[in-house]
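Per this note's numbering, the very first residue in the sequence shown carries number 5; after that it's consecutive. Worksheet for the structure shown next.
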Amino acid sequence: MPPRKIGVILSGCGHQDGAEIHEATLTLWAIHKHGADFQCFAPDIPQHHVLNHITGEEMNERRNVLIESARIARGNILDLKLFDPGAFDALILPGGVGAAKNLCTYAFDGPDCMVNEDVARAVKAMHGAGKPIGALCIAPVIVARVLGNVELTTGQDAATADNLARMGARHTPTGQGQVVVDRTNRIVTTPCYMLPSRVDQIADGAENLVKAVLELCG
Numbered sequence: 005m006p007p008r009k010i011g012v013i014l015s016g017c018g019h020q021d022g023a024e025i026h027e028a029t030l031t032l033w034a035i036h037k038h039g040a041d042f043q044c045f046a047p048d049i050p051q052h053h054v055l056n057h058i059t060g061e062e063m064n065e066r067r068n069v070l071i072e073s074a075r076i077a078r079g080n081i082l083d084l085k086l087f088d089p090g091a092f093d094a095l096i097l098p099g100g101v102g103a104a105k106n107l108c109t110y111a112f113d114g115p116d117c118m119v120n121e122d123v124a125r126a127v128k129a130m131h132g133a134g135k136p137i138g139a140l141c142i143a144p145v146i147v148a149r150v151l152g153n154v155e156l157t158t159g160q161d162a163a164t165a166d167n168l169a170r171m172g173a174r175h176t177p178t179g180q181g182q183v184v185v186d187r188t189n190r191i192v193t194t195p196c197y198m199l200p201s202r203v204d205q206i207a208d209g210a211e212n213l214v215k216a217v218l219e220l221c222g
């Protein structure tokens with residue numbers, strides 16, 4: 005039997021304005037560790053803004069989400085418009101504030117956010133096909149906005165939990181490394197850097213999420 009194939013959607017490179025690099029890299033590591041394979045995707049769109057990751061200040065430059073995501077994928081990345089749900093067994097979305105700025109507008113609009121149409125299409129297609137979806141850190145807000153009545157976790161932040169409820173989702177508090185598995189909807193989530201975390205704890209969460217996603221693949 006060929007290895008399971010997992011699509012991974014990235015949102016740039018750098019936790020303040022793109023994908024969280026530890027979460028993304030450790031997700032890819034866990035996928036290979038547990039005998040599966042991956043293909044990275046990102047939307048070919050302008051990044052919302054570029055931040056200096058030392059000062060947090062906005063920089064006077066423009067970057068592209070697909071090109072920045074290619075840094076994490078070592079160039080092996082495709083435009084999300086090319087995502088074919090029939091070619092994949094599961095979909096995973098690492099976090100980072102880019103997930104809330106570039107893949108959707110949650111960072112600015114909260115529960116009234118808009119989701120990038122290619123991201124929404126991928127999530128809806130995989131869910132409609134009964135294939136598992138994993139989301140780390142803040143990325144579960146995307147799943148909530150697209151699918152509504154699902155069980156998710158983003159850790160223990162009350163404001164985020166309230167926003168998820170306003171989007172129709174059910175939030176379960178978790179600690180570092182824990183996952184919430186919505187078996188009905190085949191959704192797996194873990195909090196990662198939504199909680200104060202060490203890198204080894206991020207590895208635990210990413211690996212536990214990948215293992216649960218692969219279990220749901222059957």
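Where is the CB? At the ideal position from N, CA and C, for every residue including glycine.
Checklist entry - Among Pro-136, Gly-181, Val-185, which residue has its Cα nearest to the Cα of Arg-174? => result A check of alpha carbon separations from Arg-174 across Pro-136, Gly-181, Val-185 identifies Val-185 as the nearest.
Checklist entry - Hey, Val-223 and Asn-212: beta-carbon distance below 8 Å or not? => result This structure leaves residue 223 out entirely; the chain is present only between 5 and 222.
Checklist entry - Between which two residues does the alpha helix (DSSP H) harbouring Cys-1 extend? => result Residue 1 falls outside the range modelled here, since the chain spans only 5 to 222, and no answer is possible.
Next on the checklist: Tell me which residue opens and which closes the beta strand (DSSP E) that Asp-166 is part of.
Outcome noted: Annotation for Asp-166: no beta strand (DSSP E) segment contains it, though the alpha helix (DSSP H) segment containing it runs 162-170.
Next on the checklist: Beta-carbon within less than 6 Å of Ala-129's beta-carbon, same chain only, minus the 5 sequence neighbours each way: which residues are those?
Outcome noted: Excluding positions up to five away in sequence, the list reads Pro-89.
Item to check | Bridge partners - Ile-96, DSSP secondary structure assignment | outcome: Val-12, Gly-138.
Checklist entry - Among the residues of its own chain, which have a CB less than 7 Å from the CB of Val-147, if the five just before and after it don't count? => result These residues qualify, in order along the chain: Val-127, Ile-137, Ala-139, Val-154, Leu-156, Ile-191.
Checklist entry - From what residue to what residue does the alpha helix (DSSP H) around Gln-113 run? => result The sequence as given places Asp at residue 113; Gln does not occur at that position. Where Asp-113 is concerned, the enclosing alpha helix (DSSP H) stretches over 110-113.
Item to check | Euclidean distance between Cα positions of Met-198 and Pro-177 | outcome: Spanning the alpha carbons of Met-198 and Pro-177 requires a straight line of approximately 11 Å.
Next on the checklist: I'd like to confirm the pairing. Which residues does DSSP put opposite Phe-42 in its beta bridges?
Outcome noted: Its beta-bridge partners are Ile-10.
Checklist entry - Between the segment 35-51 and the segment 71-80, do three or more beta carbon pairs fall short of 8 Å? => result Yes, since at least three Cβ pairs between the segment 35-51 and the segment 71-80 fall closer than 8 Å, the two stretches touch.
Item to check | CA nearest to the CA of Ile-81, picked from Cys-117, Ser-15, Met-171 | outcome: For the residues Cys-117, Ser-15, Met-171, the minimum Cα distance to Ile-81 belongs to Ser-15.
Checklist entry - At which residues does the beta strand (DSSP E) containing Leu-82 begin and terminate? => result First-last of the beta strand (DSSP E) with Leu-82: 81-83.
Next on the checklist: According to DSSP, simplified to helix, strand and coil, what is His-26?
Outcome noted: If DSSP states are grouped into helix, strand and coil, His-26 belongs with the helices.
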